[in-house]
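First up is the structure itself, then whatever we jot down about it.
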Amino acid sequence: MHVEQVVDELYALPPAEFTAARDARVAEARRAKDTAAARTIAGLRRPTLAAWVSNLFVRERPKEVEKLLALGETLREAHRTLDAARLREAGSRQHKVIDALAREAAGLARQAGHPVSEAVRHEVEQIFHAALGSPDIAAQWSAGRLEKAPQAAVGFDSITPDVLPERRTAPAGETPADLSEKPPSEKRPSAADRERRQRLRRARSEADETAAEARRRDEELRTAEEAHQAAVARASDADERVAQVEERLHRARQEQRDARAAAGEAETAVKAADRAARDARRAADRAARALSRLPDPSDGST
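Per full-length UniProt numbering, the sequence shown starts with residue 1, numbered consecutively.
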């Protein structure tokens, strides 16, 4: 059994089909006496819906995956060098790219017959953000075998263009010190703008809470599935031991039947030999009596 191929096949399945397919593959490996493959496949965990959408995107859009990986390298390099200009440029691209790719991933899921909610799409965005921040997470993500959303790299937050201030140059007659003392002019947001921002914050908060609840439920489901999987594995091991005992019992019973048949044949032979011996003894007795009735020529009688 080609384990890597089986793993790819399983993580290509929708989450609802994963567990049954995995257990069937484990049983297949056990029947083939491939213990190592059975153990590896049994250890696979059902992906969350967001992880499956991400895996689907990786398989269906390899060129877009390469672009996102390249953007991640650019962002990490800008972080290392503290290049503000590159950070602003990459940060602006980051949000546009991730939003577009997450929507495309959701579209792929819909085409596959599994439309997803905004909360799931938001979690897919978080997966993409995490892949940008860490080469290790990027490698896991690009393999298309995620089980759940990875944690974003510590110290690597998503960047927005307004996080880094634009460099200001001093006008003629103004010193850098004067420049630093002047706060940037800000336009006060209107009431409508404040209301829109508040609604957006509430919607994001609700989406985050919904996604977190979905992750908790998925984790509970995976825990239950793992317990079920362990019970199935124990039952399978017990079935195998029972089969071995039954095979030994079958052989012992066959040996018992053969021994009884041989004993029966031996008993028949003993009885036949006993009859033959009795017949021979009777014949010998008759011959002895017949001999005793014959006259002895040595005594001279006529």
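Ideal Cβ placement from N, Cα and C applies to all residues, glycine included.
Report the three-state DSSP secondary structure of residue 54 (helix, strand or coil).
helix
Buried versus exposed, by CB contacts within 10 Å (16 or more), residue 247
exposed
Looking at C-beta atoms only, is the number of pairs between the stretch 88-107 and the stretch 119-137 that lie closer than 8 Å three or more?
yes
Kindly indicate the opening and closing residues of the alpha helix (DSSP H) around residue 136.
135-142
When the distance is taken between beta carbons, is residue 131 closer than 9 Å to residue 150?
yes
Tell me, to the nearest whole angstrom, how far the beta carbon of residue 146 is from that of residue 47; I am working on the premise that it is less than 8 Å.
6 Å
Residue 189, DSSP secondary structure in three states:
coil
Going straight from the alpha carbon of residue 25 to that of residue 267, what length do you get?
54 Å
Hey, quick one: how far does the alpha helix (DSSP H) through residue 67 stretch, first residue to last?
62-81
Give a yes or no on whether the C-beta atoms belonging to residue 9 and residue 21 are separated by under 9 Å.
yes
State yes or no: is the C-beta of residue 288 nearer than 8 Å to some heavy atom of the ligand FMN?
With respect to the ligand FMN, the structure offers nothing, as it holds no ligand at all.
Could you round the C-beta distance between residue 58 and residue 117 to whole angstroms and report it? I think they count as a contact, below 8 Å.
In fact, because the Cβ distance is near 21 Å, the residues do not count as touching under 8 Å.
Return the first residue and the last residue of the alpha helix (DSSP H) that residue 5 is part of.
3-11
Helix or strand or just coil, what does DSSP make of residue 132?
helix
For residue 319, which option in 191, 227 and 70 has the closest C-alpha, if you only look at C-alpha atoms?
Lying outside 1 to 302, the shown extent of the chain, residue 319 is not represented and no answer is given.
Assigned secondary structure, residue 26 (DSSP; H/G/I helix, E/B strand, else coil):
helix
With DSSP as the reference, label residue 108 as helix, strand or coil.
helix
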